[in-house]
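2 protein chains.
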Amino acid sequence: MSPKITTELLKQLRQVMRNPKYVQEPVQAYIVPSGDAHQSEYIAPCDCRRAFISGFDGSAGTAIITEQHAAMWTDGRYFLQAANQMDNNWTLMKMGLKDTPTQEDWLVSVLPEGSKVGVDPFIIPADQWKRMSKVLRSAGHDLVPVKENLIDTIWTDCPQRPCKPLITLDLSYTGVSWRDKIVALRSKMAERKVLWFVVTALDEVAWLFNLRGSDVEYNPVFFAYAVIGMNTIRLFIDGDRMADPAVREHLQLDSTLEPEFKIQVMPYGSILTELQAVGASLSPKEKVWLSDKASYALTEAVPKAYQYLTPYTPICIAKAVKNALETEGMRRAHVKDAVALCELFNWLEKEVVPKGTVTEITAADKAEEFRSQQKDFVELSFATISSTGPNGAIIHYKPVPETNRTLSVNEIYLLDSGAQYKDGTTDVTRTMHFGTPSAYEKECFTYVLKGHIAVSAAIFPNGTKGHLLDSFARSALWDCGLDYLHGTGHGVGSFLNVHEGPCGISYKTFADEPLEAGMIVSDEPGYYEDGSFGIRIENVVLVIPAETKYNFKNRGSLTFEPLTLVPIQTKMIDVSLLTQKELNWVNDYHQKCREVIGAELERQGRLEALQWLIRETEPLIRVQ
Amino acid sequence: MSPKITTELLKQLRQVMRNPKYVQEPVQAYIVPSGDAHQSEYIAPCDCRRAFISGFDGSAGTAIITEQHAAMWTDGRYFLQAANQMDNNWTLMKMGLKDTPTQEDWLVSVLPEGSKVGVDPFIIPADQWKRMSKVLRSAGHDLVPVKENLIDTIWTDCPQRPCKPLITLDLSYTGVSWRDKIVALRSKMAERKVLWFVVTALDEVAWLFNLRGSDVEYNPVFFAYAVIGMNTIRLFIDGDRMADPAVREHLQLDSTLEPEFKIQVMPYGSILTELQAVGASLSPKEKVWLSDKASYALTEAVPKAYQYLTPYTPICIAKAVKNALETEGMRRAHVKDAVALCELFNWLEKEVVPKGTVTEITAADKAEEFRSQQKDFVELSFATISSTGPNGAIIHYKPVPETNRTLSVNEIYLLDSGAQYKDGTTDVTRTMHFGTPSAYEKECFTYVLKGHIAVSAAIFPNGTKGHLLDSFARSALWDCGLDYLHGTGHGVGSFLNVHEGPCGISYKTFADEPLEAGMIVSDEPGYYEDGSFGIRIENVVLVIPAETKYNFKNRGSLTFEPLTLVPIQTKMIDVSLLTQKELNWVNDYHQKCREVIGAELERQGRLEALQWLIRETEPLIRVQ
């Protein structure tokens, strides 16, 4: 992978940073965050401004360009990738390492006195604006909103904003109608005494209206905002998507409805002026509820006294707790996903070992092919990480022709992949060896497995936040002086984003919401040896009530049930390092894979994959 | 324990809340925090205003009195005690439970529109002021500083502020001179570009000047502030303590010193005006460094633009990492402390079993007697928790005549105690049974022990924060649906406060500083069965480097070394619940107790206690 040459682009950007056509006063620094106007993690090509200016196209990263410097902040998943993709105009700032300055501190250290730092107010979240602005101001600088996005001014071949057809989801998928969701939202609004709620996150708009889209690759969302009043519903959306009869019927646009359920459809671009009008109409004590991660532009449209900001919106919290129908859908999706992976791994074993003709890219394509044969398949849920040998150590690696390696019997293969089905979203990682793994590879794999089991089998009281479980996943690695530089788990949407809040399992967050029954998260510890191999074992798990011997103060307990049912390669396990409890966990898990996925493989007549499954789920035996 | 009758006091307080002599405008609510003007946890009798108004004298709690209500917020350690000590004028607000409102939310829910909420600006920390003020303001109320403390106006027999002689500590105890500490502090100030540093915490003043006092029971501190400039040192302290020749020599008050080490001694009460003068003298970009937990009064003395606030001061962080001489002192102190406890437990076994004549109070007194026989003993480091049977479930119980129980062979006995020695501070909890524990008691004890070992033996990377270890202590309890409602560990001072920041092991904090070698914390999981018994196993442990098999990215690893060397009662252990690793830990620990404390008992000629120690440290054997 050769880096993008950015010398000319940076020169152009520095020119517009001084150009009175775009900035009232010259800005000495310009911030290019990752996100779009909805603070999405995955973004449409037209919003990949940071990748355009730097070449680094990982899912997380912030670029800051000053007159002298260009710097990129990203986290441990992307250190190698960013270093490979950026030319030497760029300095890589490794977040999470002790000596890496924050963006604010770095700006203060490099800027001349009294500088202006520009940013697109639609792209920067309000909470981040506030934090940066405070630090910059106290050092004598100013954070200023630049209305026109400066990257867009130099991005001559910027693609169009997508505007694809919508999918309507009926009650058999969602369990709750959009009307009932609006009723529940309004009751939360009444509890907090707010009159308006602004839906800014794309997955929240999609969830609220039981609609899905495909404006952003991998995430079944569409570009829209919504503003919910106690008696009004405004949906800001472009294109002729509202002309689709199925959508019109789903939203009851042509029915005579009670006025409080009548949806007013407005142009996407009118959100700011509409919100300013709402803000101007308020009386004292009337409040507008926004996520504190909503854009600075929208937040500032409401006068400060009327803002009611919370880290997580009531939609975000309601969306995280899956109802019975959503859970059933997620189960079905994971069974289909496991069928596809059994087919894939069986095929890989046959192809790789005797022929050596499969590459990372062809393996990823084959995985997609098998998944697409399953019912209600929509698309992948993220770019498949298909990596062998040293590429496995690049945590969010995506194979491209320049880096594409052939799978062999001499290297560890790591596949992290998932799909969107109409009934659920999947995300699974398996690490395997098609030849004979070394003792060291098995040792590391077994530590990662022990961490995976420690989380998956953990029993913890109701009200426990996920970050309190993170160290369980690391303990076995820590004992030997090993670790991994990413969190252990993220929330997973129900035919929605593969990463969603407000819960997760990570040492990095403290503001996560407590885990509760019905939430779905991933459990994915790993170990990465730069230049050699990567190991990760990931299941999607459902939070379920746990029966305990004693029930302290009637608080109740929780644990996890794996939804992912794909064999974990026993060849990679050093059984002598497992406790009896861990050994039993592996055997019980494989027994369940065999039963549930075996039945489905049989039903689908995939008998060769069934044989593979049966082989791979033979019980482990401790050699005395 | 009968509750304090507060009807008349509350009536008087509500009168002064409206009295123009004390308040510019009537206040509809008055907040009485726990602390003193230094935000100390342990406070002098004259500062026990919350206990005076409510009767509840636990170490943590905030009272709020409105015209209609009186409410007390405290945490899980004190739920039972607070309920017992307060009359029914008071509502107990159980912090940490899901349905308990925050103080701000509660105020908003009960106050009439446009209320004023008063508080003594010297008692409330600036960060708390800020948070409360914001919430109250957004609900249309005002937080107002009330200069005269309203409790003091009705507290007719309020004791005098103590002003006791000082102790000087030479280099053999501190390892670093106060001059060198000032030099190090000024270098931190230069790094952050601040001109002034205000020392507000009493233990920070004591540590900085290598002085100790006894103004506050259990904490060897004295009432003082300090303001350190780049060329000046101002110490604000009352009484004739600076007339003591030893103190004058220690501080070199009469020497011809370089001016930047010349200490100006000023009256304690002049801090506010002096700080206001400093604030008024500043030019733009000149900063004053304060803890964000310093009082609102002192913080506001510095104009906002000149404030530099951090959660932990450089003194707090430097103080936490003990140097070689301090560590040696802590080791010596813990050896002496263990000798005293061996004597005590031997004596208890002899007295309790045959005679039944020892009470919680006489046991506590005897513990103090044995400790006071040890070299360099100064005082206890906190009120001894000597509790048997149901009293053990009151987490911070202190025996008083009304609650005093006789130790018996039928109940579990819990002793949490510690001392100040001139060379170190101790804090140790042991739980024991002098008869035959039930299977359930042993089961619970063993889970607590497993948690204790899980933390003590944990290996974790450099840079890990203590809160990430908290769940290790709970895992065995959680598996059976048990838990305890307090953190797992706190920092421990070196002949200083038994609780100190900035590190600890708790699910409650996120802003703790990473653990590093030389830090000293407690490891004290527990289990409490209301009305029956309490179990806690506490050692003070030193953070030390750990050797690991692999050394991931050269980060280095840490683990703990127990400084406390007192046998853990093996009679209480259900060996069948221990893993082999845990069993070995117990046996290794007891072997070390036997060697180190055995040698000291022998040296001190305490041969009966030595026999007890040898009996109690017999290796555990797994019964097949």
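Chains A and B supply the protein sequences, listed in that same order. Just so we're aligned, residue 1 is where the first sequence starts under the working numbering, counting upward by one. Just so we're aligned, residue 625 is where the second sequence starts under the working numbering, counting upward by one. Where a beta carbon is used, it is the ideal one built from N, C-alpha and C, also for glycine.
- Cβ-Cβ separation between D681 of chain B and A675 of chain B: approximately 4 angstroms, consistent with a contact (criterion under 8 angstroms).
- In the same chain as A1170 of chain B, and ignoring 5 residues on each side of it, the C-beta atoms closer than 6 angstroms to its own belong to I1083, S1181, L1182, T1183, in chain order.
- For N1175 of chain B, the nearest CB of chain A lies under 8 angstroms from its own CB, placing it at the interface with that chain.
- Cβ neighbours of G679 of chain B within its own chain (closer than 6 angstroms, five residues either side excluded): P627, K628, Q709, M710.
- In this structure, B:Q998 is the residue among B:H874, B:Q998, B:A957, B:I775 with its C-alpha nearest to the C-alpha of R1230 of chain B.
- For E924 of chain B, the enclosing alpha helix (DSSP H) starts and ends at 920-925.
- When rounded, the separation of the alpha-carbon atoms in I43 of chain A and E191 of chain A is 34 angstroms.
- L1031 of chain B places its beta carbon 8 angstroms or farther from that of T1060 of chain B.
- Taking the CA atoms as reference points, E1224 of chain B sits about 49 angstroms from Y932 of chain B.
- An exposed status is given to N231 of chain A, since fewer than 16 other beta-carbon atoms sit within 10 Å of its beta-carbon.
- Contact of D142 of chain A with chain B is not assigned, every C-beta pair being separated by 8 angstroms or more.
- Under the 8 angstroms criterion on CB atoms, W289 of chain A is classed as non-interfacial with respect to chain B.
- In the structure shown, L583 of chain A falls within a helical segment according to DSSP collapsed to helix, strand and coil.
- Using a CB distance cut-off of 8 angstroms, G463 of chain A counts as an interface residue toward chain B.
- G466 of chain A is a Cβ neighbour of G489 of chain A, given a cutoff of 8 angstroms.
- In terms of CA proximity to G953 of chain B, B:S1118 leads the group B:F885, B:S1118, B:P869, B:L896.
- Contacts with chain B at 8 angstroms (Cβ-Cβ) include F472 of chain A.
- Taking 8 angstroms as the CB threshold, T1172 of chain B lines the interface with chain A.
- Three or more beta-carbon pairs separated by less than 8 angstroms are not found between the region 334-346 of chain A and the region 291-311 of chain A, which leaves the two stretches without contact.
- The C-beta distance from E441 of chain A to I412 of chain A rounds to 6 angstroms, short enough to fall under 8 angstroms.
- Annotation: V198 of chain A to V278 of chain A spans about 11 angstroms, alpha carbon to alpha carbon.
- Distance from the CA atom of I1077 of chain B to the CA atom of D1212 of chain B, rounded to whole angstroms, is 12 angstroms.
- Taken atom to atom, the span from the alpha-carbon of L251 of chain A to that of V358 of chain A is near 47 angstroms.
- Put simply, the backbone Cα of G1016 of chain B is about 24 angstroms away from that of T548 of chain A.
- DSSP places F1134 of chain B in the coil class of the three-state scheme, outside both helix and strand.
- Membership of I775 of chain B in the alpha helix (DSSP H) is indicated by the continuous run 774-778.
- Within the same chain, Cβ atoms closer than 6 angstroms to the Cβ of Q569 of chain A are found at M432, the five residues on either side in sequence being excluded.
- Collapsing the DSSP output to three states places E368 of chain A in a helix.
- When Cβ-Cβ separations below 8 angstroms define contact, Y1131 of chain B makes contact with chain A.
- The shortest CA-to-CA distance from N462 of chain A to any of A:S417, A:T91, A:A83, A:K553 is the one to A:K553.
- In the DSSP assignment, L1038 of chain B falls within the beta strand (DSSP E) that extends over 1036-1041.
- Short of 7 angstroms from the beta carbon of A511 of chain A, and not among the five residues preceding or following it, lie these beta carbons of its own chain, in chain order: P311.
- Contact between the region 5-19 of chain A and the region 93-107 of chain A is absent, with fewer than three C-beta pairs closer than 8 angstroms.
- Interface annotation, F510 of chain A: in contact with chain B, CB-CB separation under 8 angstroms.
- Inter-segment contact for the region 210-224 of chain A and the region 149-159 of chain A is absent: fewer than three beta-carbon pairs are separated by less than 8 angstroms.
- Of all alpha-carbon atoms in B:N1034, B:S996, B:A962, B:A944, the one lying nearest the alpha-carbon of F1157 of chain B is that of B:N1034.
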